[in-house]
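S.K.: With the working numbering applied, the sequence shown corresponds to residues 1 to 155, in that order.
Don't be surprised by glycine CBs; every beta carbon is placed ideally from N, CA and C.
Below: one structure in structure tokens.
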Amino acid sequence: MPPPTPSILFVCLGNICRSPLAEAALREEARLRRLDLIVDSAGTGNWHAGEPPDPRAIAVAAKNGVDIRALRARQVTRADFTRFDRIVALDHDNLKDLRRLAPANATAELSLLLDHVPGREGEGVTDPWFGDEAGFDVTWDEVTAAARGLVAAIR
Ligand code: 4NP
Numbered sequence: 001m002p003p004p005t006p007s008i009l010f011v012c013l014g015n016i017c018r019s020p021l022a023e024a025a026l027r028e029e030a031r032l033r034r035l036d037l038i039v040d041s042a043g044t045g046n047w048h049a050g051e052p053p054d055p056r057a058i059a060v061a062a063k064n065g066v067d068i069r070a071l072r073a074r075q076v077t078r079a080d081f082t083r084f085d086r087i088v089a090l091d092h093d094n095l096k097d098l099r100r101l102a103p104a105n106a107t108a109e110l111s112l113l114l115d116h117v118p119g120r121e122g123e124g125v126t127d128p129w130f131g132d133e134a135g136f137d138v139t140w141d142e143v144t145a146a147a148r149g150l151v152a153a154i155r
């Protein structure tokens, strides 16, 4: 039997800014490196469930050649902890919420996104939601660096 396809879920608060960008960046990196991956994203909150990403997130992804308009926000579920090999939190609050939500039979390995960027281990990704568009460029750079680190770790 072929080995199972590695699976990664990114989790932020709303699933409309940071984690959709992380999802897009990893999908793009995997495509470039010809690596087969299952990639998804979710939010710890459900306020934006069913909505597309924030227009500023759509714009920064488009600027970098990735179309994320078809993504729709969803809330993380307890089933995600056994469906995915890795669950990657965007910040410390997300990680804390995930640890609280994890069922006893959880198998997914939890980490922070910037743990996958050499020299930035243990740092959280700032929420660009309250800031201006420049904040989304910073987020894009961070999720792209992490996507490279994740692909290198998985290969
Ligand atoms: P995200 O940003 O967690 O990066 O998707 C947020 C978007 C919306 C809200 C919070 C964070 N909100 O409170 O509505």
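Leu9 bridges to which residues according to DSSP?
M.R.: Beta-bridge pairing links Leu9 to Asp40, Ile87.
S.K.: Could you give the DSSP three-state label for Leu71: helix, strand or coil?
M.R.: The answer is coil: DSSP assigns Leu71 none of H, G, I, E or B.
S.K.: From which residue to which residue does the alpha helix (DSSP H) around Glu109 run?
M.R.: Per DSSP, Glu109 belongs to no alpha helix (DSSP H); it is in the beta strand (DSSP E), 109-112.
S.K.: At a cut-off of 6 Å, would you count Trp140 as near the ligand 4NP, judging by its Cβ distance to the nearest heavy atom?
M.R.: No, the ligand 4NP has no heavy atom inside 6 Å of this Cβ.
S.K.: Should Arg72 be listed as close to the ligand 4NP, given that the test is whether its C-beta is under 6 Å from any heavy atom?
M.R.: Arg72 Cβ: outside cutoff for every heavy atom of the ligand 4NP.
S.K.: Going by C-alpha distance, which of Val88, Ser41, Ala153, Arg100 is nearest Gly124?
M.R.: Out of Val88, Ser41, Ala153, Arg100, Val88 has the C-alpha closest to the C-alpha of Gly124.
S.K.: Excluding the 5 residues flanking Thr107 on each side, which residues of the same chain have their C-beta closer than 6 Å to its C-beta?
M.R.: For Thr107, where only same-chain residues beyond five positions count, the Cβ hits under 6 Å are Thr82.
S.K.: Mapping DSSP to helix, strand and coil, what is Arg148?
M.R.: It is helical.
S.K.: Given a cut-off of 7 Å, decide if Asp80 and Ser7 are closer than it, judged by their beta-carbon atoms.
M.R.: Not a contact, by the Cβ cut-off of 7 Å.
S.K.: Is it the case that the stretch 66-74 contacts the stretch 38-58, given that we only count it when at least three CB pairs across the two stretches are under 8 Å?
M.R.: Verdict: yes, contact present.
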